[in-house]
């Protein structure tokens, strides 16, 4: 392929950025131009952890952070998606795999009517307040913040490619990551081709007036790759 291909710019935390770039390379080719420029880093916290019969994890980051604070002991863990469920299984939980987003997972938990109390282990920024929704449904649920997503300035290399006039493929996976990218990309000369995990992720990007935008059909990495493929195809 020629050098006219748009550069993939991944701003996820380092571990997730590497993993998504690997998946992208498997589908689009190892030689596709790309830049990993994390704009958040994950920091585990040390809160007091309430007792709970079952856990709710809305991200794989929460699994590792919680497991460092309290033993899994085979407890059931309601997990937002397959990657989070895999992390929970490795940590010693008995995972139930959700469909990929917090609101849908909440509905599944309510329908199952598990024995309380439940505990939502989460990050400092959350797209859906699962604990509030479960409590409103009559399921006693505690919430504890076990990790923070600290912002990281866009790297010099990231600033440089935003200043170019060549298109950039930008996958964004959360409202928080979208907001951080919008702040960094104001005034960008590069045409932005944005793939958003959901409408809530896409919303902040309107401020940038992307040249192209696609919203993933379902909130998972494979659908994000599909969205990127459609952006490339025009």
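Residue numbers (our numbering): 3 to 236. Every residue gets a Cβ at the ideal spot worked out from N, C-alpha and C, and that includes glycine.
Same chain only: Cβ atoms within 7 Å of residue i, ignoring 5 sequence neighbours per side
i: residue 51; result: 71, 72, 146
i: residue 27; result: 34
i: residue 106; result: 100
i: residue 20; result: 38
Buried or exposed by the 16-neighbour rule on C-beta atoms within 10 Å, applied to residue i
i: residue 160; result: buried
i: residue 44; result: buried
i: residue 3; result: Caution applies to residue 3, whose pLDDT of 43 falls short of 50 and renders its modelled position unreliable; the value that the coordinates give is listed next. When all chains shown are included, residue 3 counts as exposed.
i: residue 126; result: exposed
i: residue 221; result: buried
i: residue 163; result: buried
i: residue 110; result: exposed
i: residue 216; result: buried
i: residue 212; result: buried
i: residue 229; result: buried
i: residue 140; result: exposed
i: residue 236; result: exposed
Test item: CB-CB of residue i and residue j under 8 Å
i: residue 206; j: residue 180; result: yes
i: residue 156; j: residue 23; result: no
i: residue 210; j: residue 184; result: yes
i: residue 227; j: residue 192; result: no
i: residue 153; j: residue 42; result: yes
i: residue 129; j: residue 108; result: no
i: residue 124; j: residue 151; result: no
i: residue 132; j: residue 58; result: yes
i: residue 168; j: residue 8; result: yes
i: residue 56; j: residue 80; result: yes
i: residue 25; j: residue 223; result: yes
Nearest-angstrom beta carbon gap, residue j and residue i [assumed within contact, 8 Å]
i: residue 195; j: residue 214; result: 4 Å
i: residue 218; j: residue 198; result: 7 Å
i: residue 78; j: residue 96; result: 5 Å
i: residue 94; j: residue 74; result: 3 Å
Proximal residues to residue i (C-beta, below 6 Å), its chain only, five neighbours per side dropped
i: residue 225; result: 218, 219
i: residue 190; result: 164
i: residue 76; result: 96
i: residue 200; result: 221
i: residue 69; result: 93
i: residue 142; result: 118, 119
i: residue 232; result: 216
Proximal residues to residue i (C-beta, below 8 Å), its chain only, five neighbours per side dropped
i: residue 49; result: 71, 146, 147, 148
**Prompt:** Touch check for the stretch 85 to 95 and the stretch 58 to 69: three-plus C-beta pairs under 8 Å?
**Reply:** They touch, by the three-pair rule.
**Request:** Count the C-beta pairs between the stretch 21 to 32 and the stretch 145 to 162 that are closer than 8 Å, then say yes if the count reaches three, no if not.
**Result:** As far as the Cβ criterion goes, the stretch 21 to 32 does not touch the stretch 145 to 162, which means the pair count is below three.
**Prompt:** Within the chosen definition, does the stretch 91 to 106 reach the stretch 32 to 46 through at least 3 CB pairs nearer than 8 Å?
**Reply:** Result no; under three Cβ-Cβ pairs closer than 8 Å.
**Message:** Check whether the stretch 167 to 176 and the stretch 197 to 205 touch, using three or more Cβ-Cβ pairs below 8 Å as the test.
**Reply:** Here the stretch 167 to 176 lies against the stretch 197 to 205, with 3 or more beta-carbon pairs under 8 Å apart.
**Asked** Is it a yes or a no for the stretch 13 to 27 touching the stretch 114 to 131, going by three-plus beta-carbon pairs under 8 Å?
**Response** Taking 8 Å as the limit for Cβ pairs, the verdict is that the stretch 114 to 131 does not touch the stretch 13 to 27.
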